[in-house]
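J.: Each residue of the sequence shown is one higher than the one before, starting from 1046 at the first, in our numbering.
The beta carbon of each residue, even a glycine, is placed where N, CA and C say it ideally should be.
Predicted model, so just to flag it, every value in this text is computed and none were measured.
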Amino acid sequence: MPVHLVNPSHLSFGVGVITPRWLFVLAGATPPSHGRPLITDETLEPFDVESLQPGDIVGVGIHTGNALRGYEIGTLARGRGAVVIFGGIHATLYPDEAHSLGGAHAVVKGDGDVVWPLVLDHAAQGTLQPVYEAGRVEADRFVAARWDLLPQGRYMWGSVQTVRGCPKHCSFCSVWRTDGQKPRQRGVDAVVEEIMELRRRGFRFVALADDNFYPVTLTDLAMAERQGNVARLGQLRALRAERFELMERLAHLPPDMVFFTQITMEAAEDPTFLDAMRRANIKGALVGVEAVTPEGLKDVYKGFNDVGEALVTRLRTFRDHGVHVLGSFIFGLPSDRPSTFEATADIADRAGLAFAQFVMLTPYPGTVDFDAWEKTLGGDAARIAGIPITRHWLIPQAHRPKVYTPHPVMSPDEIRARTQAVWDKFYSLGRIWERSRCTPTLRSRLAFVLISKLYRQMYANTGIATDSARVNRANRWARLIAKPCRRLFVARPLPAESQTISIA
Ligand code: B12
Ligand code: SF4
């Protein structure tokens, strides 16, 4: 019975930015006895439900943002007699929902790497259990992705995970609660092997799909030392040494490779780490700045970040060491005031960021913020299209509110409009051109402009734009720019036998 793996999306662009890793990992976990998995990423094109035959197995992976489309696919697939299995972070948090709304026969909670073969066997034998508690898999059991199943010429970046989990506890983030606070670092050989496979397939841009690439800070080490906690100190040192080992190995890969990761701004405390990143060709990193005021940081439990001039210096340190920053900011925090938007735009400008995103506070399930919000509303949550806003992902996209938590001094529309204005300002052509100086040649400056515009357009439909004309225009633009953009990322594939050696 064929195994289909589907990554749901309401929008298809024909070209994707980053490979959705779970599709290729689950394909890797599919035993050969179940045949070659058939992969559909709906960000490229819609899944053809009509092609399903009774008894086919359909695996659907959902996060909160694409859960609704996932449920549509599951229901249609079940209607055609397929066996439907859900997984992913949202199904992990709401397994009952996948059953009641998504036509699930079974739901896998947690990491699919190890349990997937068993689930497939049960599906084939007709002995599926409604829920599989797969939990957190240890790093040495992470399954490698099957990049041989990549569709040709569709993605700009490959994605390889080097660490799962994050020791922090930010209030808006579910990672530390679902993936755990203990970093699970993957062995260096396994990571390098996958990267080289991608390079042989013509990918020179690879996103390190990590929660936090800097899981051990100097403060952590100092604290363990102060406490005389020898065992913990040993563990932390080993984790840190392994990071350096990985970066050393990456530094010896073909020099045209470019890596991007996610990291806390604490890494700026450690020039040796930043220099190792630069040598490893980790040329960019998403840094969660979130807020530029002390009150804002307190709102999100992120006291380890800096504010004001210290923040500007911290962010500039990355750039000074050759690591370009995509700064991520949140608007709509209780302590935000109208002046916060201007202050944020100013800091984003002065901090030497290459890119920035300005997201509006969204209570994602599994987070501390969500729990508090749901509790406050109790049974009194407002309803849209009959759905309580505490289940906002079930509201059709076009009708979803833009702001969920009532703000003490600003209306939802004011927050939305001010957020949009900051995006527009940061991504004005003049400012993009100015920022493009961070690249060496005219050609790369033009590429920088194109990519900045693509990034801006793809975001116009992620919650800030209200009028559908603007959303449609943005989507048309994104489709148009995506193809030429992709060409900027491809490289000549390396010969199949090439090892982890440098190329000229
Ligand atoms: C890399 C990444 C991105 C990248 C790349 C996305 C891509 N194309 O792959 C970028 C930067 C683009 C991105 C964007 C966003 N992301 Co993101 N991202 C991640 C990150 C760090 C890693 C994802 C990954 O590749 N993991 C590796 C794979 C192998 O693991 P996995 O996906 O969890 O899959 C495993 C299991 O879940 C399970 N599984 C998954 N699917 C299925 C299906 C079946 C059938 C089965 C059996 C099992 C199964 O098995 C897999 C193997 O163990 C996660 C954090 C995390 N720890 O998950 C956040 C995360 C998924 N992102 C998140 C968010 C919120 C976003 C954004 C909305 C951010 C924003 N405000 O714009 C956007 C939305 C993008 C979109 N429209 O899809 C949240 C989702 C929260 C939620 N409740 O849904 C997460 C969890 C981070 C967080 N802070 O909480 N993201
Ligand atoms: S540092 Fe990043 S990954 Fe870690 S808990 Fe905070 S937001 Fe989540």
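Report whether the distance from the Cβ of W1192 to the nearest heavy atom of the ligand B12 is below 8 Å.
T.: Answer for W1192: no, Cβ out of range of the ligand B12.
J.: Beta-carbon within less than 6 Å of R1123's beta-carbon, same chain only, minus the 5 sequence neighbours each way: which residues are those?
T.: Contacts found: V1129, G1148.
J.: Give the straight-line distance between the Cα atoms of S1216 and R1191, rounded to the nearest whole angstrom.
T.: So the alpha carbons of these two residues sit roughly 34 Å apart.
J.: Am I right that A1536 and G1247 are in contact with their C-beta atoms under 8 Å? What's the rounded C-beta distance?
T.: With a Cβ gap of about 5 Å, A1536 and G1247 count as contacting.
J.: Given this structure, state the Cα-to-Cα distance separating T1551 from L1398, to the nearest angstrom.
T.: It is not possible to answer for residue 1551, since the shown part of the chain is limited to 1046 through 1549.
J.: State the Cα-Cα distance for the pair R1532 and L1068, rounded to the nearest angstrom.
T.: Cα to Cα, R1532 sits roughly 23 Å from L1068.
J.: Report whether the distance from the Cβ of A1220 to the nearest heavy atom of the ligand SF4 is below 8 Å.
T.: Checking the sequence shown, residue 1220 turns out to be Val, not Ala. Yes - the ligand SF4 has a heavy atom lying nearer than 8 Å to the Cβ of V1220.
J.: Is it right to say D1224 is buried, meaning 16 or more other beta carbons lie within 10 angstroms of its own, or is it exposed?
T.: Buried, by the Cβ-count rule.
J.: Along the chain, where does the alpha helix (DSSP H) containing Y1504 start, and where does it finish?
T.: 1487 to 1504 is the extent of the alpha helix (DSSP H) around Y1504.
J.: Given this structure, state the Cα-to-Cα distance separating V1425 from S1497, to the nearest angstrom.
T.: Checking the sequence shown, residue 1425 turns out to be Asp, not Val. Their backbone Cα atoms lie some 42 Å apart in a straight line.
J.: Is it buried or exposed, R1501, if we count other Cβ atoms within 10 angstroms and call 16 or more buried?
T.: Buried, since its Cβ has 16 or more Cβ neighbours within 10 Å.
J.: If you draw a straight line from the C-alpha of P1065 to the C-alpha of P1091, how long is it?
T.: The straight-line gap from Cα to Cα measures roughly 15 Å.
J.: Can you name the start and end residues of the alpha helix (DSSP H) that G1279 belongs to?
T.: 1275 to 1296 is the extent of the alpha helix (DSSP H) around G1279.
J.: Which of the three DSSP states, helix, strand or coil, is assigned to Y1116?
T.: In this structure, Y1116 counts as helix in the three-state DSSP scheme.
J.: Could you tell me the distance, in whole angstroms, from the CA atom of G1273 to the CA atom of E1335?
T.: Those two C-alpha atoms are separated by around 34 Å.
J.: Pairs of beta-carbons, one from the region 1332 to 1352 and one from the region 1266 to 1282, closer than 8 Å: are there three or more?
T.: The answer is no - the region 1266 to 1282 does not touch the region 1332 to 1352, with fewer than three Cβ pairs under 8 Å.
J.: Tell me the DSSP bridge mates of M1405?
T.: M1405 pairs with F1376.
J.: Would you call the region 1364 to 1382 in contact with the region 1173 to 1186, where contact means no fewer than 3 C-beta pairs closer than 8 Å?
T.: With a cut-off of 8 Å, the region 1173 to 1186 and the region 1364 to 1382 do not count as touching, because too few Cβ pairs lie within range.
J.: Tell me, please, which residues DSSP counts as bridged to F1304.
T.: DSSP lists V1251, I1327 as partners of F1304.
J.: Tell me, please, whether the region 1294 to 1308 touches the region 1167 to 1177 by the rule of three or more beta-carbon pairs shorter than 8 Å.
T.: Counting Cβ pairs under 8 Å, fewer than three are found: no touch.
J.: From L1474 to S1384, what distance separates their C-alpha atoms?
T.: So the alpha carbons of these two residues sit roughly 24 Å apart.
J.: Buried or exposed for S1204, going by 16 or more other Cβ atoms inside 10 Å?
T.: S1204 should be labelled buried.
J.: Using beta-carbon positions only, say whether R1052 and T1085 come within less than 9 Å of one another.
T.: Before going further, note that residue 1052 is Asn rather than Arg in the sequence given. Going by C-beta atoms, N1052 is nearer than 9 Å to T1085.
J.: For G1100 versus F1131, is the C-beta distance shorter than 9 Å?
T.: No, these two residues do not count as a Cβ contact at 9 Å.
J.: Between P1451 and I1434, which are expected to be in contact by the criterion C-beta below 8 Å, what is the C-beta distance as a whole number of angstroms?
T.: P1451 to I1434, Cβ: 11 Å. No contact.
J.: Take W1418 and list the residues in its own chain whose beta-carbon comes closer than 8 Å to its own, dropping the five residues that flank it on each side.
T.: So the list reads P1408, T1435, Y1449, T1450, once near-sequence residues are dropped.
J.: Closest to A1313 by C-alpha separation, out of Y1116, F1258, V1413, would be which residue?
T.: Residue F1258 is the option with its Cα nearest to A1313.
J.: Going by Cα to Cα distance, which pick from M1268, V1233, R1125 is closest to S1096?
T.: Minimum Cα distance to S1096 is reached at R1125.
J.: So does the region 1351 to 1369 actually touch the region 1314 to 1323, counting three or more Cβ pairs closer than 8 Å?
T.: Yes, the region 1351 to 1369 touches the region 1314 to 1323.
J.: What separation, rounded to the nearest whole angstrom, lies between the Cα atoms of Y1346 and H1214?
T.: When rounded, the distance between both Cα atoms is 7 Å.
J.: When you compare each of P1457, T1412, T1421 to D1381 by their alpha carbons, which one comes out closest?
T.: Of P1457, T1412, T1421, the residue nearest in Cα terms is P1457.
J.: Give me, in chain order, the residues of the same chain whose beta-carbon lies closer than 6 Å to that of M1201; leave out the 5 immediate sequence neighbours on both sides.
T.: The answer, listed in chain order, is V1062, R1531, F1534.
J.: For L1298 and F1304, I'd like the C-alpha separation in whole angstroms.
T.: Computed Cα separation, rounded: 11 Å.
J.: For the ligand B12, I want to know if R1501 counts as a neighbour, meaning its beta carbon is within less than 8 Å of at least one of the ligand's heavy atoms.
T.: The answer is no for R1501.
J.: Taking the Cβ atom as the reference point for each residue, do R1244 and P1538 lie within a distance shorter than 9 Å?
T.: In this structure, P1538 lies closer than 9 Å to R1244 by Cβ.
J.: Would you report the Cα separation of L1071 and S1057, rounded to the nearest angstrom?
T.: Their Cα atoms are separated by approximately 22 Å.
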